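Read the structure below first, then the notes.
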Amino acid sequence: MSKHSSNPRPLTSGTGGGLKGTIRVPGDKSVSHRALMLGALALGETEIHGLLEGEDVLRTAAAMRLLGGETEKGADGIWRARGRGNGGLAEAADVLDLGNAGTGTRLLMGLVAPYPMTTFFTGDASLRSRPMARVSDPLSQMGASFVTRSKGRPPLAVIGTATPRPITYKLPVASAQVKSAILLAGLNTPGITTVIEPEATRDHTELMLRGFGIEVKVEETPEGRASAIKGQGELKGRKVVVPGDPSSAAFPIVAALILPGSDILIENVGLNPHRIGLIDTLVEMGASIEVKDARIEAGEKVGDLHVKHSHLKGVTVPAERAPSMIDEYPILSVAAAFAEGETKMLGLGELRVKESDRLGAMARGLAACGVVLEEGEDWLTVKGNGKRPKGGAHIAVNLDHRPAMSFLVLGLAAEKPVSIDDGAPIDTSFPGFVALMNGMGGTISAVTA
1 MSKHSSNPRP LTSGTGGGLK GTIRVPGDKS VSHRALMLGA LALGETEIHG
51 LLEGEDVLRT AAAMRLLGGE TEKGADGIWR ARGRGNGGLA EAADVLDLGN
101 AGTGTRLLMG LVAPYPMTTF FTGDASLRSR PMARVSDPLS QMGASFVTRS
151 KGRPPLAVIG TATPRPITYK LPVASAQVKS AILLAGLNTP GITTVIEPEA
201 TRDHTELMLR GFGIEVKVEE TPEGRASAIK GQGELKGRKV VVPGDPSSAA
251 FPIVAALILP GSDILIENVG LNPHRIGLID TLVEMGASIE VKDARIEAGE
301 KVGDLHVKHS HLKGVTVPAE RAPSMIDEYP ILSVAAAFAE GETKMLGLGE
351 LRVKESDRLG AMARGLAACG VVLEEGEDWL TVKGNGKRPK GGAHIAVNLD
401 HRPAMSFLVL GLAAEKPVSI DDGAPIDTSF PGFVALMNGM GGTISAVTA
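In full-length UniProt numbering, the protein residues as written are 1 to 449.
Laid out in structure tokens, this is it:
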């Protein structure tokens, strides 16, 4: 399997002065995916303000067009979707190529499952290596069937059903993507479809379904948090304001914390309670992060984050916090490398099956940069000494955007520059990352031969 994009862009970052300025990060990826999907099903027009125009989300937009929805960007920069109504998707005339978008793939598998049609999915080398059985298993119980490569990997075909069955499904492992796939399948299924999760995960799907007029009930039960959707309701077009992605904000936040002299403001960051585990953890470590102008936009909590350089101390991050920050552990491990004392991160098994084995990738890369650590099957302990790591390593990021950005952030404050083999995957979630960081005083540049 190729571990580079078709046009790899090696990058390097070196130590500079503190970061300064006021910035905005791209729109939330989770909210953007869902807004395009539901907008293409809703009657009337849906306006989407602040859509993330990263590669992953653009692949979802293209997929919705193949399925019969209208999604396009206007001259005013606002995306508009014109839907076909719930139950109105059409069989795609071509394969849905989702690139690197694991979220888009899993959610769309659920969306098309309750339709009497066959939908083909593929993606890049990274996506084709990722197992999808966690999604196909519950969708099979609802009546869909699947043809996949070994271990449930794409390319795959979803053979939908004309007679979907509502189910009550208890997730073996907390996963917002699996939960959302089942709820989206329940959208066009008669009756009540219920998902029970052992630990609460991000609830963008539930919030947005309600915003589009669908009946969704969420309650705590002895078995866990139960989300139930009443199927075959009608979605109504609406205005969606996409907040800044907290997973993207994580990179300038940590960069400012570890680089002396930094003082930045990040505007319009989504602060959904199920997404701020990283911020909670950094504050426990002693980070100076202040929320300003907290507000509600389109049902989501939003605020501006004032971040200043801080002396961090190691903490233990409990396993139950993992669902609220699963994408942020790579950059947290960088913060931990600069902290004083041990930072123990528990319950990280999910990181093994992301775009890459992120747990292994971060452990190898940090060790190459001189960081002392211990790695287990589902845990990582970083042993910081309160000083800058030596850096100086060249890191293979395996087509994964989050380790790519994490190691570039490390290089901004390490003793010696850190380089990565390919920065192209960063565009999947954070187009303009390098320009934004350098605009605040960062020192990230292309590697010249």
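Even glycine gets a Cβ: it sits at the ideal position worked out from N, Cα and C. Just so we're clear, the structure is a prediction, and the values are computed from it rather than from any experiment.
Whole-number beta carbon distance between G233 and residue 465, since they are thought to touch under 8 Å: Summary: the structure shown does not reach residue 465, with the chain confined to residues 1 through 449, and so no result is reported for it.
Check whether L41 and N86 have beta carbons under 7 Å apart: yes
DSSP-derived helix/strand/coil call for G39: helix
Enclosing beta strand (DSSP E) for V115 [first to last residue]: Per the sequence presented here, residue 115 reads as Tyr, with Val not at that position. Note, Y115: premise wrong, no beta strand (DSSP E); not H, not E.
Nonlocal neighbours in the same chain, by C-beta distance under 7 Å from P8, ignoring five residues either side: D421, D422, A424
Residue environment, A249, which counts as buried when at least 16 other CB atoms sit within 10 Å: buried
Same chain, Cβ closer than 7 Å to K416, neighbours up to 5 away in sequence not counted: K390, G391, G392
E70, enclosing beta strand (DSSP E) - first and last residue: 70-73
7 Å Cβ cutoff met for I258 and F146: no
E215 - partner residues in DSSP beta bridges: E215 is not bridged to any residue.
Stretch-stretch touch, CB-based, cutoff 8 Å, three pairs: the stretch 70-80 with the stretch 265-276: no
L359 beta carbon less than 7 Å from that of L373: no
Host alpha helix (DSSP H) of K354 (start-end): From DSSP, K354 is part of no alpha helix (DSSP H); its letter is neither H nor E.
Neighbourhood of E290 by C-beta, 6 Å cutoff - its chain only, sequence neighbours within 5 removed: H306
beta-carbon E297 near the ligand MG non-hydrogen atom, thresh 6 Å: Among the components of this structure there are no ligands whatsoever, and the ligand MG is therefore not found.
Between the CA atoms of E328 and L282 - distance to the nearest angstrom: 11 Å
Helix, strand or coil at S310 [DSSP, three-state]: coil
DSSP state of L345 mapped onto helix, strand, coil: The displayed chain sequence assigns Met, not Leu, to residue 345. M345: strand per DSSP, three-state reduction.
Reduced DSSP secondary structure (H/G/I, E/B, other) of S2: Note on S2: pLDDT 43, under 50, position unreliable in the model; the coordinate value appears next. Reduced to three states, the DSSP call for S2 is coil.
Proximity of A185 and L156 at Cβ, strictly below 7 Å: no
Span of the beta strand (DSSP E), counted from its first residue to its last, around F430: No beta strand (DSSP E) holds F430; DSSP gives it neither H nor E.
Three-pair Cβ contact test at 8 Å for the stretch 393-405 versus the stretch 351-365: yes
For A162 and L278, the rounded distance between their alpha carbons: 42 Å
Own chain partners of A133 with C-beta closer than 6 Å, once the 5 adjacent residues on each side are dropped: G152
Proximity of V409 and V334 at Cβ, strictly below 7 Å: yes
Limits of the unbroken beta strand (DSSP E) element including A81: 79-82
Proximity to E297 [Cα-Cα], best of I266, D56, G50, V315: G50
Given 8 Å, three or more beta-carbon pairs between the stretch 182-199 and the stretch 111-131: yes
Spatial neighbours of F212 in its chain, beta-carbon cut-off 7 Å, leaving aside the 5 residues before and after: L38, A42, L235, K236, R238
Given L19 as reference, the closest of L436, R106, M64, T103 once Cα atoms are compared: L436
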